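The structure appears below as structure tokens.
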Amino acid sequence: MSVRPLIDRLNAEKSLSLAEWRTMLTDYTEDDRQYAAEIARGLSTAVFGNQIYLRGIVEFSNYCKNNCLYCGIRCGNQTVQRYRLTEDEILECCAEGYALGFRTFVLQSGEDSSYFPDRLPETIRRIKQAYPDCAVTLSVGELEFDMLKRLRECGADRYLLRHETADQAHYEMLHPQSMSFAHRMQCLRDLKSLGYQTGAGIMVGSPHQTADCIAKDMLFFTEFQPHMIGIGPFLPAANTPFEKEPVGSYELTLFLLSLCRILLPNVLLPATTALGTIRPDGREQGILSGANVIMPNLSPTAVRKKYMLYDNKICTGEEAAQCIGCLNRRVQKIGYALTFSRGDHPDMQPKTGGTL
Ligand code: SAH
23 MSVRPLIDRL
33 NAEKSLSLAE
43 WRTMLTDYTE
53 DDRQYAAEIA
63 RGLSTAVFGN
73 QIYLRGIVEF
83 SNYCKNNCLY
93 CGIRCGNQTV
103 QRYRLTEDEI
113 LECCAEGYAL
123 GFRTFVLQSG
133 EDSSYFPDRL
143 PETIRRIKQA
153 YPDCAVTLSV
163 GELEFDMLKR
173 LRECGADRYL
183 LRHETADQAH
193 YEMLHPQSMS
203 FAHRMQCLRD
213 LKSLGYQTGA
223 GIMVGSPHQT
233 ADCIAKDMLF
243 FTEFQPHMIG
253 IGPFLPAANT
263 PFEKEPVGSY
273 ELTLFLLSLC
283 RILLPNVLLP
293 ATTALGTIRP
303 DGREQGILSG
313 ANVIMPNLSP
323 TAVRKKYMLY
333 DNKICTGEEA
343 AQCIGCLNRR
353 VQKIGYALTF
363 SRGDHPDMQP
373 KTGGTL
């Protein structure tokens, strides 16, 4: 049975009940998915035109104190060659990115305490001083309120922290006992209250995920109203407890991107690297399903193969400049254009430097 009426109602009312979300996720057909993509694409074009925002991602450390069951760089994975970039090396990545035109830098890492309390705040301060026209996004895991506040005061603009799942029992199947669902959610609320453009998100098809879990994720997005949503398929990573688990569904990932766009028309929605990893044209299809952001890698090529959250990650061989050329051709082919503008959330435009 078609879920078209539910898609229409989501579009009109920007909200559905838990039971309706469950029906949406279990009963949709390929036709429904195409229908949702069409609406999502229209909304994305109405808000962002045919522009795709670029963010340069610097994976500055693969040390991690956590042992998430899905993640290739979990602390229990002893086959990982660990590395850390120095502050100067991080700045060099930004310099390279700036010269290429990037105006958003995403600093991502495992949860590595060696950058705290001072090195990460200091690095952000240096980046913002050198490139005041750029946005800095952090993706460094959970931190306490005071540290999040300090990083914000140093100039961090945005923060990505996927909630991973809004179902506590499911959360506990993906994470060791030392990690807590409540703390991750608290962290997300802290980020928002501190004025960060805040990103949540999930992996599609993570082990033990059910339609009910995703229905709860959609309710969470409705209530939390994130500025960004990161959604990619689960991909197994060698030498993790989930290494033999199946990859997440490509079609469901695309459908969820469309539903997120319909729910939150202004949301910043990346076509993720994981999506490009399960299908050669995954990121293009993500854009055609409502995504409006791409995050090319600015990490030094020497370390890229060491930041393997999952197996077969794409773009670990090329230079950033090559990536831009390739992405440019890819998005142009489907009628879109890359843009280097900061690309803030429409509700969170930075104050322009007016006179006092
Ligand atoms: N340590 C930071 C950021 C790095 S992980 C943090 O915890 O937020 C960034 C994201 O990669 C995670 O939130 C997770 O959703 C995703 N990820 C990790 N392992 C993955 C896998 N095996 N397949 C797909 N996505 C994965």
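So for the sequence shown, my numbering puts the first residue at 23; every next one is plus one. Even for Gly, the Cβ is constructed at its ideal location relative to N, Cα and C. None of the values given here were measured: they were computed from a predicted structure.
(Q) Does serine 280 pass the burial test, meaning 16 or more other C-beta atoms within 10 Å, or should it be called exposed? (A) buried
Q: Output the residue ranges of the alpha helix (DSSP H) runs that lie fully inside the segment 36–72 and measure 4 residues or longer, sorted by chain position.
A: 40–49, 52–70
Q. What whole-angstrom Cβ distance do serine 161 and valine 226 have, given they're in contact under 8 Å?
A. Between valine 226 and serine 161 the Cβ distance is about 19 Å, and since that is not below 8 Å, they are no contact.
Q: Could you name the residues that DSSP lists as bridge partners for leucine 160?
A: Leu129, Tyr181
Q) For serine 131 versus serine 83, is the C-beta distance shorter than 7 Å? A) yes
(Q) Quick check: does the Cβ of glycine 298 come within less than 6 Å of any heavy atom belonging to the ligand SAH? (A) no
Q) Does DSSP put valine 325 in a helix, a strand or coil? A) helix
Q. Do you know whose CA, among Met23, Glu35, Val80, Gly71, lies nearest threonine 338's CA?
A. Val80
Q: Quick one: residues in its chain with C-beta nearer than 8 Å to the C-beta of cysteine 156, no 5 flanking neighbours on either side, listed in chain order?
A: Cys116, Tyr120, Phe124, Arg125, Thr126, Phe127, Ile149, Lys150, Arg364
Q: Determine the closest residue to serine 215 out of Gln190, Asp168, Lys328, Ala259, with distance taken between C-alpha atoms.
A: Asp168
Q.
Just checking alanine 259 against the ligand SAH - is the residue's beta carbon closer than 6 Å to any of the ligand's heavy atoms?
A. yes
Q) Within the present structure, is the beta-carbon of serine 161 separated from the nearest heavy atom of the ligand SAH by less than 6 Å? A) yes
Q: Taking isoleucine 224 and arginine 184 to be in contact with their CB atoms under 8 Å, please state how far apart those CB atoms are, rounded to whole angstroms.
A: 6 Å
**Q.** For serine 83, the residue or residues it bridges with in DSSP
**A.** Arg106, Ser131
Q) Is it buried or exposed for methionine 240, if we count other Cβ within 10 angstroms and need 16 for buried? A) buried
Q: Please work out which residues of its chain come closer than 8 Å, Cβ to Cβ, to leucine 170, disregarding the five sequence neighbours upstream and downstream, and give them in chain order.
A: Tyr181, Cys209, Asp212, Leu213, Leu216, Tyr218
Q: Return the chain-ordered list of same chain residues with a C-beta closer than 7 Å to the C-beta of leucine 297, the five sequence neighbours on each side being excluded.
A: Gly254, Pro255, Thr275, Gly304, Arg305, Gly308
Q) Name the DSSP beta bridge partners of alanine 290, please? A) It is leucine, not alanine, that sits at residue 290 in the sequence shown. According to DSSP, which records beta bridges pairwise, leucine 290 is partnered with Met250.
Q) Regarding arginine 184 and the ligand SAH, is the C-beta to nearest heavy atom distance less than 6 Å? A) yes
Q. With distances taken between CB atoms, is the gap from leucine 349 to valine 315 smaller than 7 Å?
A. no
Q. Counting Cβ pairs closer than 8 Å, one from the segment 255–269 and one from the segment 53–66, do we hit at least three?
A. no
Q.
Measuring straight from C-alpha to C-alpha, what distance separates valine 353 and alanine 359?
A. 6 Å
Q) Per DSSP, glutamine 219 forms a beta bridge with which residues? A) Arg180
Q: Please classify glycine 375: does DSSP put it in a helix, a strand, or coil?
A: Legend: pLDDT at glycine 375 = 47, less than 50; position of this residue unreliable, value from coordinates given subsequently. Coil.
(Q) Could you compute how far the alpha carbon of arginine 351 sits from the alpha carbon of alanine 152? (A) 31 Å
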